[in-house]
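Visitor: Sequence order for the protein chains is D and X. Residue numbering for the first sequence follows our numbering, beginning at 1 and increasing consecutively. Residue numbering for the second sequence follows our numbering, beginning at 1001 and increasing consecutively. One structure coming up, written as structure tokens, with questions to follow.
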Amino acid sequence: MSWLTRVMALLVRCLAAALPADRRGWAHALRAEAEQVPAGWARLAWLAGGVRLTALAARPRRLGYPVMFAVAAAGLAWSAWSGPPGDPAIVINRVDAVTVAVILAGLTWTVRRARGPAADARPARLVRAGGYLAVLALVLVKAAVERVADAPPNNLGGSALAWTGEIVFLAAMAGYAAVILAGTARRSAAACPDVVLGAVMGAAVGIGIYALGPLGFPLRFTGLWPARLYDAAMVLGAVAAGFAPVVAGLIASRRAGRAPRPADRIRSGATAGLCTGASAALVVSVLSTATIALLPHDAGLRDWAVGHIGQWTPAVGQVAPLVGTRLGYVAGNSAFAAGYLIVLLLSPLGGGGLGAWAGWTATRPRLAVGR
Amino acid sequence: VARRPGFSAQTLAVLAELCAAPAQWRHGYGIARDTGLKSGTLYPVLIRLADRGLVEARWEDEQPAGRPRRHLYRLSPDGLAAATQALAQARPAGAVRGGRVGASRRVAPGVTP
């Protein structure tokens, strides 16, 4: 009992360190008071209340986010380190896991020094946490695809092209992390509402695009009406994807309408558009790559893909007429998954450009009616 | 003093306990013992009351031998007025009754309606 009491007291003391400065005294008060409580269960219960108090009062950002990040990074590392012996993809996956963890942690520290901690607004913190989780999830599911796609006899791992792709991928992830951190920092040059607006709209667009083509290809439907409905949905989806950065840019630039300089409105539009494009690319890449990663393990998903995508189905043992059976899985999985790298690179640029254009159009003087 | 609605039963119990001897400095364990509240409930209540300026807190002046200094609490003038008002409103409504909140029995003479 006494050792448990001592452990509890130690826990209160440690947790008190994570409290805001103006709250630490209360934790010390509770701990000092424990000396007056009769030893045994009563004192243990008193200190347990102290643990609860300090755990609840500790700023979640101070404890929760680093713990969440550490757990996610550990899970990523565990996944990257697992795999059959001789699989060349493991080397790439390990490099990915370590580099991304270092990039995310290092950029957090760097941006904190330059732009301050996360903005004191819940949406900004959610965008930051969600963005980080999405980046880690993308590395995780990409590793799962690589493990199968690069395994013998399909292995292309180790080639110069593969490593070049990895470098580009890691640079893209660093860029995404930098945008996420800089956009949600307390002293960010971008307005927090623009970043949040773009992130939310982009996530919605990303989910929509994924629903229309979970593996990156249009679906095929045999019935007339299902096919027509799907075609209509595709058109709507394409329009929505193209217009989302514009709409986000317009909303953001109007929100900044009171800004004295047109450049401010253009910058607001560009920020919202960039975040829309980046968020959409990240969401669709994570979801689609995860679906591709599931293909080898889920017969039902493979059957569905065969029925709805036909000859493009990237399933093992299925038809791969363009590149031959040996490379069928590589062409199917790895190349399709790698294709999202292009999306990850181009979507934010396109979104930023469209958003800036929307902001620019919002700054143009309107013709007076009747002239 | 503006009306402060929304005191919980636990907060009312603490207010009632501190009202029993408004000039006297109380320590946490004593309040917990007399109200029946656990530490994990009592201290958040005290923190909220202190944040609102209803409770004054200080450490013991001198370092006692063999034990750490204790944190002491009592109602501020605002706290006394707010507690009086809240307890007066709560008593007819039955908000302070039963169980551990029954500590309101010790509300000081002249404070209760």
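Built from N, CA and C at the ideal position, the CB exists for glycine as well. Here the structure is a predicted model, which means the values were calculated and not measured.
Start and end of the beta strand (DSSP E) containing Glu33/D?
Guide: Stepping through the first sequence from its first residue, residue 33/D is reached at position 33. Looking at the DSSP string, Glu33/D is not in any beta strand (DSSP E); the run it does join, the alpha helix (DSSP H), is Ala21 to Glu33.
Visitor: Tell me which same chain residues have a C-beta within less than 7 Å of the C-beta of Tyr65/D, skipping the five on either side of it?
Guide: As a position in the first sequence, residue 65/D is number 65, starting the count at 1. Only Ala129 meet the Cβ criterion.
Visitor: How would you list, in chain order, the residues of chain X whose beta-carbon sits under 7 Å from the beta-carbon of Trp46/D?
Guide: Taking the first sequence and counting its residues from 1, one reaches residue 46/D at position 46. The answer, in chain order, is Ser1039.
Visitor: Is it buried or exposed, Gln1010/X, if we count other Cβ atoms within 10 angstroms and call 16 or more buried?
Guide: Residue mapping note: residue 1010/X aligns to position 10 of the second sequence, counting from 1. Buried.
Visitor: Is DSSP giving Val200/D helix, strand or coil here?
Guide: Within the first sequence, numbered from 1, the residue matching residue 200/D stands at position 200. Here Val200/D sits in helix by DSSP.
Visitor: Measure from the C-beta of Gly1036/X to each C-beta in chain D and report whether the shortest distance is under 8 Å.
Guide: Indexing the second sequence from 1 puts residue 1036/X at position 36. Chain D, which has no Cβ nearer than 8 Å to the Cβ of Gly1036/X, makes this no.
Visitor: Establish whether the CB of Ala248/D and some CB of chain X are separated by less than 8 Å.
Guide: Position 248 of the first sequence, counted from the start, is the residue given in the question as residue 248/D. Not one chain X Cβ lies under 8 Å of Ala248/D.
Visitor: Since Glu1060/X and Arg1048/X are thought to touch, with beta carbons under 8 Å apart, how far apart are those beta carbons, to the nearest angstrom?
Guide: Looking up residue 1060/X in the second sequence gives position 60. Looking up residue 1048/X in the second sequence gives position 48. Contact doesn't hold; Cβ gap of about 23 Å is too wide.
Visitor: Would you please verify whether the beta carbon of Glu166/D is less than 8 Å from any beta carbon of chain X?
Guide: For the purposes of this step, residue 166/D is identified with residue 166 of the first sequence, where counting begins at 1. No, its Cβ sits nowhere closer than 8 Å to a Cβ of chain X.
Visitor: Is DSSP giving Gly1037/X helix, strand or coil here?
Guide: For the purposes of this step, residue 1037/X is identified with residue 37 of the second sequence, where counting begins at 1. One point to set straight first is that residue 1037/X is Leu, not Gly, in the sequence displayed. Coil.
Visitor: By alpha-carbon positions, which one of Leu107/D, Leu47/D, Ile309/D and Gln36/D ends up nearest to Arg13/D?
Guide: Position 13 of the first sequence, counting from 1, holds the residue named residue 13/D. Residue Leu47/D is the option with its Cα nearest to Arg13/D.
Visitor: Thinking just about the alpha-carbon of each residue, which of Gly1066/X, Ser1076/X, Pro1044/X and Ala1065/X is nearest to the one in Arg1058/X?
Guide: Your numbering for residue 1058/X matches position 58 in the second sequence. Checked all of Gly1066/X, Ser1076/X, Pro1044/X and Ala1065/X; the closest Cα to Arg1058/X is Ser1076/X.
Visitor: CA-CA distance, Ser268/D and Ala356/D?
Guide: To locate residue 268/D, count along the first sequence from 1; it is residue 268. To locate residue 356/D, count along the first sequence from 1; it is residue 356. Going by the C-alpha atoms only, they are around 8 Å apart.
Visitor: Leu250/D and Pro348/D - do their beta-carbons sit closer together than 8 Å?
Guide: Counting from 1 along the first sequence, the entry for residue 348/D is found at position 348. Counting from 1 along the first sequence, the entry for residue 250/D is found at position 250. No, Cβ-Cβ distance for Pro348/D and Leu250/D is not below 8 Å.
Visitor: Taking Arg254/D as part of the alpha helix (DSSP H), name the residues at either end of that continuous run.
Guide: Stepping through the first sequence from its first residue, residue 254/D is reached at position 254. Note, Arg254/D: alpha helix (DSSP H), Leu224 to Arg255.
Visitor: Are the stretch 222-229 of chain D and the stretch 287-303 of chain D in contact at 8 Å, needing three or more beta carbon pairs?
Guide: With the cut-off at 8 Å, the stretch 222-229 of chain D and the stretch 287-303 of chain D do not touch.
Visitor: Tell me, please, whether the CB atom of Gln1010/X is closer than 8 Å to any CB atom in chain D?
Guide: Translated into positions along the second sequence, residue 1010/X becomes position 10. So no, Gln1010/X is outside the interface.
Visitor: Please state whether DSSP places Leu156/D in a helix, a strand or coil.
Guide: As a working mapping, residue 156/D is identified with position 156 in the first sequence. Summary for Leu156/D: the model assigns pLDDT 49, below 50, so the residue's position carries little reliability, and this model does not support an answer.
Visitor: Note the first and the last residue of the continuous alpha helix (DSSP H) segment covering Leu44/D.
Guide: Stepping through the first sequence from its first residue, residue 44/D is reached at position 44. Start and end: Trp41 to Ala57.
Visitor: Among residues of its own chain, excluding the 5 on either side of Ser372/D, which ones have a beta-carbon nearer than 6 Å to its beta-carbon?
Guide: This structure does not reach residue 372/D, given that chain D is present from 1 up to 371, and the question cannot be answered.
Visitor: Who are Ala383/D's beta bridge partners in DSSP?
Guide: Nothing can be reported for residue 383/D: it is not among the residues displayed for chain D, which extend from 1 to 371.
Visitor: Strictly below 7 Å CB to CB, what residues from chain D border Pro1044/X?
Guide: Against the second sequence, residue 1044/X aligns to sequence position 44. Result: Leu53.
Visitor: Taking Cβ positions only, does Arg1058/X come closer than 8 Å to chain D?
Guide: By 1-based counting over the second sequence, the position of residue 1058/X is 58. Cβ-Cβ to chain D under 8 Å: no for Arg1058/X.
Visitor: Which whole-angstrom value is the C-beta distance of Leu107/D and Ala189/D, which I expect to be below 8 Å?
Guide: Position 107 of the first sequence, counted from the first residue, corresponds to residue 107/D. Position 189 of the first sequence, counted from the first residue, corresponds to residue 189/D. Going by Cβ atoms, the distance from Leu107/D to Ala189/D rounds to 16 Å, so no, they are not a contact pair.
Visitor: Which residues does DSSP pair with His1071/X in a beta bridge?
Guide: On the second sequence, residue 1071/X is found 71 positions in, with the first residue counted as 1. Looking at the DSSP assignment, His1071/X forms a beta bridge with Trp1059/X.
Visitor: Can you tell me which of Ala121/D, Val127/D, Ala143/D and Ala118/D puts its alpha carbon nearest to the alpha carbon of Ala97/D?
Guide: The residue given as residue 97/D occupies position 97 in the first sequence. That would be Ala143/D, whose Cα lies nearest to the Cα of Ala97/D.
Visitor: Suppose you measure from the CA of Met201/D to the CA of Ser2/D; what does that come to, to the nearest Å?
Guide: Position 201 of the first sequence holds residue 201/D. Position 2 of the first sequence holds residue 2/D. Rounded to the nearest angstrom, the two C-alpha atoms are 55 Å apart.
Visitor: Look at the alpha carbon of Ala74/D and the alpha carbon of Ala238/D, and state the distance between them as a whole number of angstroms.
Guide: Taking the first residue of the first sequence as position 1, residue 74/D is located at position 74. Taking the first residue of the first sequence as position 1, residue 238/D is located at position 238. Near 38 Å, if we compare the C-alpha coordinates of Ala238/D and Ala74/D.
Visitor: Looking at the structure shown, is Arg6/D part of a helix, part of a strand, or coil, going by DSSP?
Guide: Residue 6/D sits at position 6 when you count from the first residue of the first sequence. Helix at Arg6/D.
Visitor: Going along the chain, which residues of its own chain have a beta-carbon closer than 6 Å to the beta-carbon of Ala137/D, five neighbours each way excluded?
Guide: Walking along the first sequence from the start, residue 137/D turns up at place 137. The answer, listed in chain order, is Val286.
Visitor: I'd like to know if the stretch 1006-1023 of chain X and the stretch 1037-1052 of chain X are in contact, where contact means that at least 3 CB-CB pairs between them fall below 8 Å.
Guide: Yes, the stretch 1006-1023 of chain X touches the stretch 1037-1052 of chain X.
Visitor: Which of the three DSSP states is assigned to Arg1026/X in this structure?
Guide: Your numbering for residue 1026/X matches position 26 in the second sequence. Three-state DSSP puts Arg1026/X in a strand.
Visitor: Within its chain, find whatever has a CB closer than 7 Å to the CB of Leu19/D; leave out the 5 residues flanking it on each side and keep chain order.
Guide: Here residue 19/D refers to the residue found at position 19 when the first sequence is read from its first residue. Hits under 7 Å: Ala27, Thr54, Ala57 and Ala58.
Visitor: Taking the beta carbon of Thr289/D as the centre, do at least 16 other beta carbons fall within 10 Å, making it buried, or is it exposed?
Guide: The count along the first sequence starts at 1 and reaches residue 289/D at position 289. It counts as buried.
Visitor: Can you say whether Val323/D is buried or exposed, counting buried as having 16 or more other CB atoms within 10 angstroms of its CB?
Guide: Counting from 1 along the first sequence, the entry for residue 323/D is found at position 323. The predicted model places Val323/D with a pLDDT of 38, which falls under 50 and marks its position as unreliable, so this point remains unresolved.
Visitor: Assuming Ala190/D is part of the alpha helix (DSSP H), what are its boundary residues?
Guide: Translated into positions along the first sequence, residue 190/D becomes position 190. Taken as a continuous stretch (DSSP letters only), Ala190/D belongs to no alpha helix (DSSP H), as it is neither H nor E.
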